[in-house]
Each structure stands twice: as structure tokens, then as C-alpha cells.
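Numbering (this note's numbering), first residue to last: 702 to 910.
Backbone N, C-alpha and C define an ideal beta-carbon position, used for all residues, glycine too.
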Amino acid sequence: TVAAGTIHGILGENGAGKSTLVKILTGYIRRDQGEIFLSDRPVNIQTPIDAMKAGIGMLHQDPLDFPSLSVLDNFIIGKSGKFWLNRRQIIREFHQLAHQFNFNLDVHEPLENLTVGERQQVEILRLLSLGVKTLILDEPTTGISPAQKTALFAAMKQLAAQGKSVIFVSHKLADVEKLCDRVTVMRQGQLVGHAEIPCADEQLISMIF
């Protein structure tokens, strides 16, 4: 259970089932049992489009983007409008969102020139522009600089303060303790425990292993 306005960590070793779980929530894998509830109502998520319609989006460990296209073109992907989009209006929306999170990005820059952390920022802005209310981040601190990690964590805290739900998937205990309000621990595909943060390292380690 993930409450609105919180950052909820999903912690576990590699292979614990963390990524599989969030891929079910975002429609990349179909569940074979159990139920998913959103605001106390059951939802049937069969595809990523179903998840987006329900307001659930995910920043994947390797961003799902198009490096040969510009930042702006990547930001536009998924927006409605069959034949024509007001690019000037979209640029204004992009700058407003980027300013909100202190992301310094050039809309005309080819995405392939950006770092992994900057590509993550573009994807977060795209998901928010599509109306995501639950944002899932799968191992997002892998391969990014300390400065970009600081900016990412600040953005996640800001989203939670706005009432959104943030799910932070990681195997890094220090990141979870620094960022999250609550943590769920998985081991070998099973949910083995919960804890409120802060808590003793020994409590989490005993559940992980």
C-alpha cells in the first residue's frame, strides 16, 4: 500500500522481484493473480496505455527514449493531437515544468548529447505533462552523477509534497534511508516486511537477507 504524498521504497537484493512487480503495475507484464487497487477501486492494467490512463508512469532503469531526436521531440511523445501540436505552447509548458524542478535543459539539444541523469529529467517532465499521479522510479541512481542524484531526490520530494505517490525501487539501503518515508522489503519474489523510515539498519538488513 502506497499512500499519496509519500515516497515509498521497494527494497531488496537483485532478483528479489522488485522490477517485475512495478512492471506489472505499469502494464509491461500482465499479472496472473492478485488485484491492483487505485484510490480503493480495482483497476485492470493490461498495457502501458492502461497504466498511463490510470495516472501511473515509470522511469525505467534505462530511459525509454529516442536519442536521435531532440529533447522537445522526446517531451512531445504521447501527447494527444493527431495532426498538429502547438510547439510554442509545448515549449512554454516544458520550461515551466523544468523551472519548477530546477532542471537545466535545452529543448533543442539532441537527446544523445545528454547524460543519463539529464535524460531521466526529460522523461520525468514528459510523464508529469501526461498527468502521472503515481511515479515509479526503477533503480534511478545507477550511472548518474552526485549532483544529478541530488536534483533527482529534490524533485521526488517536491512531487510527494504536491500529493503525488512516488515509488522508489532500489537495492541501495543508503538511498532508501535518505529519501523514503516508508519501505517495503522483497525477497525471492515475496513481500517479507515493512518499516517506517528512519529505522535501524539491522531491521532492514535482517529482512533483505
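Whole-angstrom C-beta distance between residue j and residue i, which should lie under 8 angstroms
{"i": "residue 821", "j": "residue 760", "result": "6 angstroms"}
{"i": "residue 728", "j": "residue 746", "result": "5 angstroms"}
{"i": "residue 773", "j": "residue 792", "result": "7 angstroms"}
{"i": "residue 890", "j": "residue 846", "result": "Their Cβ separation, rounded to whole angstroms, is 33 angstroms, which puts residue 890 and residue 846 out of contact at 8 angstroms."}
{"i": "residue 816", "j": "residue 849", "result": "7 angstroms"}
{"i": "residue 861", "j": "residue 707", "result": "6 angstroms"}
{"i": "residue 826", "j": "residue 758", "result": "That pair is no contact at about 11 angstroms."}
{"i": "residue 718", "j": "residue 887", "result": "5 angstroms"}
is_contact[residue i, chain C] using C-beta, thresh 7 angstroms
{"i": "residue 768", "result": "Note that chain C does not occur in the displayed structure, where there is just one protein chain."}
Alpha helix (DSSP H) segment containing residue i, residue limits
{"i": "residue 793", "result": "788-801"}
{"i": "residue 722", "result": "719-726"}
{"i": "residue 751", "result": "749-754"}
{"i": "residue 827", "result": "817-830"}
{"i": "residue 855", "result": "847-862"}
{"i": "residue 905", "result": "902-909"}
Bridge partners - residue i, DSSP secondary structure assignment
{"i": "residue 887", "result": "892"}
{"i": "residue 876", "result": "In DSSP, residue 876 forms no bridge with anything."}
{"i": "residue 743", "result": "738"}
{"i": "residue 897", "result": "883"}
{"i": "residue 811", "result": "771"}
Of the residues the options, the one placed nearest residue i, counting alpha carbons only
{"i": "residue 906", "options": "758, 714, 725", "result": "714"}
{"i": "residue 768", "options": "812, 788, 895, 873", "result": "812"}
{"i": "residue 702", "options": "827, 882, 731", "result": "882"}
{"i": "residue 852", "options": "752, 757, 844, 804", "result": "804"}
{"i": "residue 871", "options": "840, 785, 738, 790", "result": "840"}
{"i": "residue 749", "options": "731, 740, 827", "result": "731"}
{"i": "residue 836", "options": "842, 857, 843, 844", "result": "857"}
{"i": "residue 752", "options": "725, 778, 766, 904", "result": "725"}
{"i": "residue 765", "options": "778, 880, 808", "result": "778"}
{"i": "residue 859", "options": "842, 834, 734, 788", "result": "834"}
{"i": "residue 901", "options": "874, 781, 785, 721", "result": "874"}
Close-in-space but distant-in-sequence residues of the same chain around residue i (CB under 6 angstroms, 5 per side omitted)
{"i": "residue 705", "result": "864, 866"}
{"i": "residue 736", "result": "743"}
{"i": "residue 823", "result": "772, 775"}
{"i": "residue 897", "result": "883"}
{"i": "residue 755", "result": "739, 744"}
{"i": "residue 854", "result": "880"}
{"i": "residue 810", "result": "772"}
{"i": "residue 795", "result": "776, 808"}
{"i": "residue 885", "result": "711, 895"}
Same chain, Cβ closer than 8 angstroms to residue i, neighbours up to 5 away in sequence not counted
{"i": "residue 899", "result": "878"}
{"i": "residue 723", "result": "711, 759, 837, 839, 868, 870"}
{"i": "residue 780", "result": "786, 791, 830, 831"}
Range of the contiguous beta strand (DSSP E) that encloses residue i
{"i": "residue 710", "result": "708-712"}
{"i": "residue 839", "result": "835-839"}
{"i": "residue 696", "result": "The structure shown does not extend to residue 696, since the chain spans only 702 to 910, so no value can be given for it."}
{"i": "residue 869", "result": "866-871"}
beta-carbon residue i near the ligand HEM non-hydrogen atom, thresh 6 angstroms
{"i": "residue 857", "result": "With respect to the ligand HEM, the structure shown offers nothing to examine, as it has no ligands at all."}
Sequence-distant residues of its chain with Cβ nearer than 7 angstroms to residue i (five each side left out)
{"i": "residue 720", "result": "839, 870"}
{"i": "residue 876", "result": "842"}
{"i": "residue 806", "result": "772, 799, 819, 822, 823"}
{"i": "residue 802", "result": "856, 859"}
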